[in-house]
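In the working numbering, each residue's number is its place in the sequence shown (first place is 1) plus 25.
C-beta atoms are modelled at their ideal positions from N, C-alpha and C, and glycine is treated no differently.
For reference, the structure is listed below as C-alpha coordinates.
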Amino acid sequence: MIARFAIHRLKHKIDMLRLVPEFGFHSMRRWTSLALLLLTAVAITAQSLGAEASKLELVDIRSVDSSIVVELRYASPNNLTGHALYPPGTRALVQPEVAQRLAIAQQFLRRHGHRLKIWDAYRPRSVQVQLWRTTPRDVYIADPETANGSLHTWGVAVDATLVNSRNQPVMMPTDFDDFTPAAMLIYRGANQHIQSNLALLQAAMGAAGFYGHLREWWHFIAPEWKNHVPDPNLKASMSGKSSESKL
(Lines of atoms letter the chains of each structure in order from A and count residues from 1; the text may use other names and numbers.)
(Lines give C-alpha, C1' and ligand atoms only; values in the text may rest on other atoms or scores of the structure.)
Protein backbone atom coordinates (compact mmCIF):
# COMPACT_ATOMS: atom_id res chain seq x y z
CA MET A 1 0.00 0.00 0.00
CA ILE A 2 2.80 2.41 0.93
CA ALA A 3 4.74 1.56 -2.21
CA ARG A 4 1.72 2.15 -4.48
CA PHE A 5 0.99 5.48 -2.76
CA ALA A 6 4.61 6.56 -3.07
CA ILE A 7 4.72 5.74 -6.77
CA HIS A 8 1.59 7.83 -7.35
CA ARG A 9 3.07 10.76 -5.41
CA LEU A 10 6.40 10.28 -7.13
CA LYS A 11 4.92 10.67 -10.62
CA HIS A 12 3.22 13.86 -9.50
CA LYS A 13 6.37 15.25 -7.95
CA ILE A 14 8.48 14.50 -11.01
CA ASP A 15 5.99 16.38 -13.16
CA MET A 16 6.01 19.25 -10.67
CA LEU A 17 9.79 19.53 -10.89
CA ARG A 18 9.22 21.60 -14.02
CA LEU A 19 8.08 24.35 -11.66
CA VAL A 20 11.29 24.27 -9.65
CA PRO A 21 13.89 26.67 -11.06
CA GLU A 22 17.39 25.97 -12.22
CA PHE A 23 19.60 28.53 -10.49
CA GLY A 24 22.89 28.07 -12.27
CA PHE A 25 23.60 24.57 -10.91
CA HIS A 26 26.40 23.06 -12.94
CA SER A 27 28.81 20.16 -12.60
CA MET A 28 32.10 21.86 -11.79
CA ARG A 29 35.59 20.67 -10.84
CA ARG A 30 36.75 22.77 -7.88
CA TRP A 31 40.37 21.85 -7.10
CA THR A 32 41.90 23.61 -4.10
CA SER A 33 44.85 23.10 -1.81
CA LEU A 34 44.48 21.62 1.66
CA ALA A 35 45.77 24.87 3.15
CA LEU A 36 43.03 26.93 1.51
CA LEU A 37 40.40 24.44 2.60
CA LEU A 38 41.50 24.62 6.23
CA LEU A 39 41.76 28.41 6.24
CA THR A 40 38.26 28.72 4.82
CA ALA A 41 36.87 26.36 7.44
CA VAL A 42 38.43 28.36 10.27
CA ALA A 43 36.92 31.57 8.92
CA ILE A 44 33.34 30.40 9.54
CA THR A 45 32.13 31.32 13.02
CA ALA A 46 28.93 30.87 14.96
CA GLN A 47 28.43 34.65 14.93
CA SER A 48 28.50 34.92 11.14
CA LEU A 49 26.09 32.03 10.70
CA GLY A 50 23.70 33.50 13.23
CA ALA A 51 23.77 36.89 11.54
CA GLU A 52 22.75 35.38 8.20
CA ALA A 53 19.96 33.28 9.69
CA SER A 54 18.49 36.15 11.71
CA LYS A 55 17.47 37.95 8.51
CA LEU A 56 15.11 35.15 7.45
CA GLU A 57 12.95 34.61 10.57
CA LEU A 58 13.60 30.88 10.57
CA VAL A 59 12.46 28.39 13.20
CA ASP A 60 14.16 25.40 14.79
CA ILE A 61 12.64 22.20 13.39
CA ARG A 62 12.76 20.55 16.81
CA SER A 63 10.82 23.42 18.37
CA VAL A 64 7.87 22.33 16.22
CA ASP A 65 8.37 18.57 16.66
CA SER A 66 11.05 17.44 19.11
CA SER A 67 10.76 13.82 17.95
CA ILE A 68 12.42 14.64 14.61
CA VAL A 69 16.02 13.46 14.69
CA VAL A 70 18.65 15.99 13.64
CA GLU A 71 22.13 15.03 12.48
CA LEU A 72 23.51 17.94 10.49
CA ARG A 73 26.21 16.37 8.37
CA TYR A 74 27.94 19.68 7.71
CA ALA A 75 28.38 20.09 11.48
CA SER A 76 30.82 17.17 11.48
CA PRO A 77 33.66 15.96 9.23
CA ASN A 78 31.30 13.26 7.89
CA ASN A 79 30.51 15.05 4.64
CA LEU A 80 31.98 15.49 1.18
CA THR A 81 34.48 18.17 2.29
CA GLY A 82 35.95 16.06 5.10
CA HIS A 83 35.62 18.80 7.73
CA ALA A 84 32.90 20.57 9.69
CA LEU A 85 31.34 23.61 8.01
CA TYR A 86 28.88 24.46 10.81
CA PRO A 87 29.98 25.37 14.35
CA PRO A 88 29.05 23.15 17.32
CA GLY A 89 25.47 23.58 18.44
CA THR A 90 24.11 24.59 15.04
CA ARG A 91 20.36 24.00 14.91
CA ALA A 92 18.29 22.75 11.98
CA LEU A 93 16.43 25.87 10.85
CA VAL A 94 13.75 26.28 8.18
CA GLN A 95 10.92 28.60 7.24
CA PRO A 96 7.95 28.20 9.66
CA GLU A 97 5.67 26.62 7.07
CA VAL A 98 8.38 24.11 6.17
CA ALA A 99 8.67 23.07 9.81
CA GLN A 100 4.92 22.46 9.94
CA ARG A 101 5.13 20.25 6.87
CA LEU A 102 7.95 18.25 8.44
CA ALA A 103 5.77 17.68 11.50
CA ILE A 104 3.07 16.25 9.22
CA ALA A 105 5.61 13.92 7.60
CA GLN A 106 6.81 12.85 11.04
CA GLN A 107 3.27 11.96 12.12
CA PHE A 108 2.89 9.84 8.98
CA LEU A 109 6.15 8.00 9.68
CA ARG A 110 5.45 7.36 13.34
CA ARG A 111 2.32 5.45 12.37
CA HIS A 112 4.65 3.11 10.50
CA GLY A 113 7.29 2.80 13.22
CA HIS A 114 9.81 5.24 11.74
CA ARG A 115 11.01 8.81 12.14
CA LEU A 116 12.60 11.54 10.09
CA LYS A 117 16.27 12.31 10.37
CA ILE A 118 17.38 15.69 9.02
CA TRP A 119 20.81 15.80 7.40
CA ASP A 120 20.64 19.45 6.35
CA ALA A 121 18.18 22.33 6.48
CA TYR A 122 18.96 26.06 6.25
CA ARG A 123 22.47 26.57 4.90
CA PRO A 124 24.08 30.02 5.18
CA ARG A 125 25.43 31.53 1.99
CA SER A 126 28.87 31.66 3.59
CA VAL A 127 28.83 27.87 3.86
CA GLN A 128 27.58 27.60 0.29
CA VAL A 129 30.63 29.61 -0.75
CA GLN A 130 32.85 27.08 1.03
CA LEU A 131 31.19 24.16 -0.71
CA TRP A 132 31.61 25.89 -4.05
CA ARG A 133 35.29 26.69 -3.48
CA THR A 134 36.57 23.61 -1.69
CA THR A 135 34.89 20.57 -3.19
CA PRO A 136 37.75 18.76 -4.94
CA ARG A 137 35.75 16.73 -7.46
CA ASP A 138 32.90 16.88 -9.96
CA VAL A 139 29.68 17.40 -8.03
CA TYR A 140 26.55 19.43 -8.50
CA ILE A 141 26.94 22.57 -6.43
CA ALA A 142 24.87 25.76 -6.56
CA ASP A 143 27.14 28.72 -7.31
CA PRO A 144 26.40 31.27 -4.54
CA GLU A 145 27.60 34.15 -6.73
CA THR A 146 25.04 33.60 -9.50
CA ALA A 147 21.28 34.02 -9.22
CA ASN A 148 20.23 33.06 -5.70
CA GLY A 149 22.30 30.00 -4.89
CA SER A 150 20.88 26.92 -3.22
CA LEU A 151 17.29 26.46 -2.06
CA HIS A 152 18.83 25.58 1.30
CA THR A 153 19.98 29.18 1.71
CA TRP A 154 16.33 30.29 1.86
CA GLY A 155 15.27 27.64 4.39
CA VAL A 156 12.84 25.98 1.96
CA ALA A 157 14.67 22.70 1.33
CA VAL A 158 15.76 19.88 3.59
CA ASP A 159 17.88 16.78 3.21
CA ALA A 160 16.20 13.91 5.03
CA THR A 161 16.39 10.18 5.61
CA LEU A 162 14.72 7.59 7.84
CA VAL A 163 15.49 6.01 11.20
CA ASN A 164 13.49 3.36 13.00
CA SER A 165 11.57 3.86 16.24
CA ARG A 166 14.83 3.41 18.21
CA ASN A 167 16.51 6.15 16.14
CA GLN A 168 18.68 3.59 14.37
CA PRO A 169 19.48 4.06 10.67
CA VAL A 170 17.71 1.91 8.11
CA MET A 171 18.88 0.81 4.69
CA MET A 172 18.57 3.50 2.03
CA PRO A 173 19.89 3.69 -1.56
CA THR A 174 23.06 5.66 -0.69
CA ASP A 175 24.66 7.80 1.95
CA PHE A 176 24.29 11.60 2.02
CA ASP A 177 25.73 13.61 -0.88
CA ASP A 178 26.27 10.61 -3.11
CA PHE A 179 26.44 11.74 -6.73
CA THR A 180 26.25 8.35 -8.40
CA PRO A 181 23.26 7.01 -10.36
CA ALA A 182 22.23 5.10 -7.21
CA ALA A 183 21.14 8.42 -5.65
CA MET A 184 18.36 8.99 -8.17
CA LEU A 185 14.84 9.64 -6.88
CA ILE A 186 13.54 6.43 -8.45
CA TYR A 187 15.31 3.43 -6.93
CA ARG A 188 16.25 0.85 -9.56
CA GLY A 189 18.00 -1.67 -7.33
CA ALA A 190 16.74 -5.09 -6.29
CA ASN A 191 16.94 -4.76 -2.50
CA GLN A 192 13.37 -4.89 -1.23
CA HIS A 193 14.26 -3.37 2.15
CA ILE A 194 15.77 -0.31 0.48
CA GLN A 195 12.85 -0.07 -1.91
CA SER A 196 10.35 -0.21 0.95
CA ASN A 197 12.22 2.32 3.11
CA LEU A 198 12.57 4.81 0.28
CA ALA A 199 8.91 4.40 -0.65
CA LEU A 200 7.94 5.12 2.96
CA LEU A 201 10.08 8.27 3.09
CA GLN A 202 8.67 9.51 -0.21
CA ALA A 203 5.11 8.73 0.84
CA ALA A 204 5.54 10.69 4.08
CA MET A 205 7.15 13.70 2.44
CA GLY A 206 4.65 13.61 -0.41
CA ALA A 207 1.76 13.53 2.05
CA ALA A 208 3.22 16.66 3.65
CA GLY A 209 3.37 18.43 0.27
CA PHE A 210 7.09 18.26 -0.47
CA TYR A 211 8.53 17.74 -3.93
CA GLY A 212 11.35 15.27 -4.49
CA HIS A 213 14.42 15.80 -6.62
CA LEU A 214 15.30 13.62 -9.59
CA ARG A 215 19.01 13.29 -8.76
CA GLU A 216 18.96 13.22 -4.95
CA TRP A 217 16.58 10.90 -3.10
CA TRP A 218 17.27 12.73 0.21
CA HIS A 219 16.49 16.24 -1.07
CA PHE A 220 13.00 17.66 -0.57
CA ILE A 221 11.61 21.06 -1.55
CA ALA A 222 8.68 22.81 0.11
CA PRO A 223 5.99 24.17 -2.24
CA GLU A 224 6.37 27.62 -0.64
CA TRP A 225 9.83 28.08 -2.14
CA LYS A 226 8.61 30.83 -4.50
CA ASN A 227 7.40 32.92 -1.56
CA HIS A 228 11.00 33.29 -0.43
CA VAL A 229 12.78 34.02 -3.72
CA PRO A 230 14.30 37.46 -3.13
CA ASP A 231 14.17 38.61 -6.77
CA PRO A 232 10.62 38.65 -8.25
CA ASN A 233 11.96 39.09 -11.79
CA LEU A 234 14.12 36.03 -11.40
CA LYS A 235 11.21 34.12 -9.91
CA ALA A 236 9.06 34.84 -12.94
CA SER A 237 11.80 34.15 -15.46
CA MET A 238 12.77 30.79 -13.97
CA SER A 239 9.26 29.30 -13.87
CA GLY A 240 8.93 26.29 -16.13
CA LYS A 241 12.61 25.43 -16.28
CA SER A 242 13.66 21.93 -15.36
CA SER A 243 15.56 21.42 -12.15
CA GLU A 244 19.14 20.25 -12.09
CA SER A 245 20.80 18.65 -9.10
CA LYS A 246 21.13 21.30 -6.45
CA LEU A 247 23.28 21.16 -3.34
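Below 7 Å CB to CB, which residues in the same chain sit around Pro194 once its five sequence neighbours on both sides are set aside? Val188
Starting from the C-beta of Asp90, find all residues in its chain whose C-beta is less than 6 Å away, skip the five residues before and the five after it, and write them out in chain order. Ala128, Gln131
Would you say the segment 174-183 touches the segment 135-149, given that touching needs at least three Cβ pairs under 8 Å? yes
In terms of alpha-carbon separation, which member of Arg140, Asn103, Val123, Pro112 lies closest to Val94? Arg140
Among the candidates Leu110, Pro102, Met209, whose CA atom is the shortest distance from the CA of Gln153? Leu110
Closest to Gly138 by CA distance: which of Asn222, His238, Ala232 is it? Asn222
Measuring CB to CB, does Ala124 end up less than 8 Å from Leu97? no
Quick check: what's the CA-CA separation for Arg135 versus Ala229? 10 Å
Taking the runs of the beta strand (DSSP E) that are 3 residues or longer, which of them lie wholly in the segment 198-245? 236-238
Which residues mark the beginning and the end of the alpha helix (DSSP H) in which Leu127 is found? 121-135
Glu122 and Glu249 - do their beta-carbons sit closer together than 8 Å? yes
Looking at the structure shown, is Ala109 part of a helix, part of a strand, or coil, going by DSSP? coil
From Pro198, Lys251, His238, residue whose alpha carbon lies closest to that of Asn216: Pro198
Would you decide whether Arg213 is buried or exposed? Buried here means 16 or more other CB atoms lie within 10 Å of its CB. exposed
Cβ atoms of Ile211 and Met196: under 8 Å apart, would you say? no
I'd like to know whether the C-beta atoms of Thr106 and Thr159 end up nearer to each other than 8 Å. yes
Report the rounded CA-to-CA distance for Ile143 versus Arg87, giving the unit in angstroms. 10 Å
Backbone CA spacing between Ser175 and Thr205 [nearest angstrom]: 20 Å
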